[in-house]
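Q:
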Amino acid sequence: SPYLKTGLEQLDLALKGGLPTGGIVEIVGPAGAGKTQFCLQSCVLAMGGWSGLGTVYIDTESRFNAERLCEIAQHALPQTFSQHNQAKVQALADQCLVYSVSDTAQLMAVLEDLPEKIIEHSVKLIVVDSVANLVRREYSRDSMASRNNQLGKEAAMLKMLAENFDIPVLVTNQVTTKFGEGRLTAEGESYLTAALGTSWSHCVNTRIVLERGTAGRSLTIAKSPIAPVCS
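In our numbering, the protein residues as written are 14 to 244.
#1: Roughly how many angstroms lie between the CA atoms of residue 29 and residue 162, to the nearest whole one?
#2: For residue 189 versus residue 40, is the C-beta distance shorter than 8 Å?
#3: Taking residue 102 as part of the beta strand (DSSP E), name the residues at either end of that continuous run.
#4: If you compare alpha carbons, which of 183, 44, 31 and 210 is closest to residue 226?
#5: Looking only at its own chain, which residues have a Cβ that is under 6 Å from the Cβ of residue 145, when we skip the five neighbours before and after it?
#6: Pull up the distance between the alpha-carbon of residue 110 and that of residue 96, whole angstroms please.
#7: Which of helix, strand or coil does DSSP assign to residue 239?
#8: Buried or exposed, going by whether 16 or more other CB atoms sit within 10 Å of the CB of residue 60?
#9: When the distance is taken between beta carbons, is residue 112 closer than 8 Å to residue 123?
#10: To the nearest angstrom, how far is it from the Cα of residue 266 to the Cα of residue 18?
#11: Would you tell me roughly how many angstroms separate the C-alpha atoms of residue 229 and residue 14, rounded to the nearest one?
#12: Relative to the C-alpha of residue 176, which residue among 57, 128 and 24 is closest?
#13: In the DSSP output, what is residue 226 paired with across the bridge?
#14: For residue 31, I'd like the list of residues in its chain whose CB is within less than 6 Å of its CB, leaving aside the five on either flank, ordered along the chain.
#15: Nearest-angstrom Cα distance between residue 198 and residue 206?
#16: Helix, strand or coil for residue 39 per DSSP?
#17: Could you say which of 114, 92 and 231 lies nearest to residue 72 if we only look at CA atoms?
#18: Rounded to a whole number of angstroms, what is the C-alpha to C-alpha distance between residue 47 and residue 238?
#19: Exposed or buried, which one is residue 132 when buried takes at least 16 other CB atoms within 10 Å?
#20: With respect to the alpha helix (DSSP H) encompassing residue 144, which residues constitute its N-terminal and C-terminal limits?
#21: Can you pull the DSSP bridge partners for residue 185?
#22: By the three-class DSSP mapping on this structure, what secondary structure does residue 67 have?
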């Protein structure tokens, strides 16, 4: 299928089937909005009930939680991953290849090794949670050109993997505060926008904004080649 279902019916409908394969899908949102949960659920649905399918989870913020992955599996696919079938739940966790990376050099090394792993484990989804963390830590505001160059290399590798293996690459991104530059804000007013700037933004094929308010979570498709901008 050219799409990977998210399990969120309205979002799948708006995206004409789910997360599109062959490109970078970005989930943007503040801390606590549920970005990592979205990634874990996407991993569960990518592997589904089929033995032998795998996912790759590149964790830059030490947020991956195997127990939570199993809980989500039991909730999302109760017939397949019941509490009485712990062997199947454990097999699912084993098929999620987790890489904890602490700097951009490590990240690039992992990406370069992935083609072999994707073939070996029949990988159906790559997650990078988050793409912003490492570059924000390593590059100061004075080295934006170097930072953008690094992000360009990461994006090129991720797009190559997405296209060559026809799978979605799902990345999370943080938000940053800007002042008075938004179309809907008065001069001097602040607003939240995706981190990493416009160079990175051009690398992303689909952008979904995840927010948490008093009424619960909301999702907005902010960029998509196939879906209208909607929430």
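For each residue, glycine too, the CB sits at the ideal point set by N, CA and C.
A: Per the coordinate set shown:
#1: In the sequence shown, counting from the first residue as 1, residue 29 sits at position 16. In the sequence shown, counting from the first residue as 1, residue 162 sits at position 149. Rounded to the nearest angstrom, the two C-alpha atoms are 33 Å apart.
#2: Along the sequence shown, read from residue 1 onward, the residue named residue 189 stands at position 176. Along the sequence shown, read from residue 1 onward, the residue named residue 40 stands at position 27. For residue 189 and residue 40, no; Cβs fall outside 8 Å.
#3: Taking the sequence shown and counting its residues from 1, one reaches residue 102 at position 89. Unbroken run through residue 102 is the alpha helix (DSSP H), 99-107; no beta strand (DSSP E).
#4: The residue given as residue 226 occupies position 213 in the sequence shown. Comparing Cα positions, the closest option is 44.
#5: Your numbering for residue 145 matches position 132 in the sequence shown. Hits under 6 Å: 186, 187, 208 and 209.
#6: For the purposes of this step, residue 110 is identified with residue 97 of the sequence shown, where counting begins at 1. For the purposes of this step, residue 96 is identified with residue 83 of the sequence shown, where counting begins at 1. In a straight line, the C-alpha of residue 110 is about 22 Å away from that of residue 96.
#7: The count along the sequence shown starts at 1 and reaches residue 239 at position 226. Reduced to three states, the DSSP call for residue 239 is coil.
#8: Taking the first residue of the sequence shown as 1, we reach residue 60 at position 47. By the neighbour-count rule (16 or more Cβ atoms within 10 Å), residue 60 is buried.
#9: Residue mapping note: residue 123 aligns to position 110 of the sequence shown, counting from 1. Residue mapping note: residue 112 aligns to position 99 of the sequence shown, counting from 1. Going by C-beta atoms, residue 123 is nearer than 8 Å to residue 112.
#10: No statement about residue 266 is possible, as the shown extent of the chain runs from 14 to 244 and does not include it.
#11: Position 216 of the sequence shown, counted from the start, is the residue given in the question as residue 229. Position 1 of the sequence shown, counted from the start, is the residue given in the question as residue 14. The alpha-carbon atoms of residue 229 and residue 14 are separated by roughly 31 Å.
#12: Locating residue 176 in the sequence shown gives position 163, counting from the first residue. With distances taken between Cα atoms, residue 176 lies closest to 128.
#13: Indexing the sequence shown from 1 puts residue 226 at position 213. Paired residue(s): 229.
#14: Counted from its first residue, the sequence shown places residue 31 at position 18. Same-chain partners within the cutoff: 16, 17, 18, 19 and 25.
#15: Working through the sequence shown from its first residue, we reach residue 198 at position 185. Working through the sequence shown from its first residue, we reach residue 206 at position 193. Confidence at residue 198 is low in this model, with a pLDDT of 48, below 50, so its placement is unreliable and no value can be given for it.
#16: Along the sequence shown, read from residue 1 onward, the residue named residue 39 stands at position 26. Three-state result, residue 39: strand.
#17: Position 59 of the sequence shown, counted from the first residue, corresponds to residue 72. Ranking the options by Cα distance to residue 72, first place goes to 114.
#18: Numbered from 1 along the sequence shown, position 34 holds the residue referred to as residue 47. Numbered from 1 along the sequence shown, position 225 holds the residue referred to as residue 238. Distance between the alpha carbons of residue 47 and residue 238: 24 Å.
#19: By 1-based counting over the sequence shown, the position of residue 132 is 119. By the 10 Å Cβ count, residue 132 comes out exposed.
#20: Counting from 1 along the sequence shown, the entry for residue 144 is found at position 131. Element bounds for residue 144: 144-151.
#21: Position 172 of the sequence shown, counted from the first residue, corresponds to residue 185. Residue 185 is bridged to 40.
#22: Indexing the sequence shown from 1 puts residue 67 at position 54. Three-state DSSP puts residue 67 in a strand.
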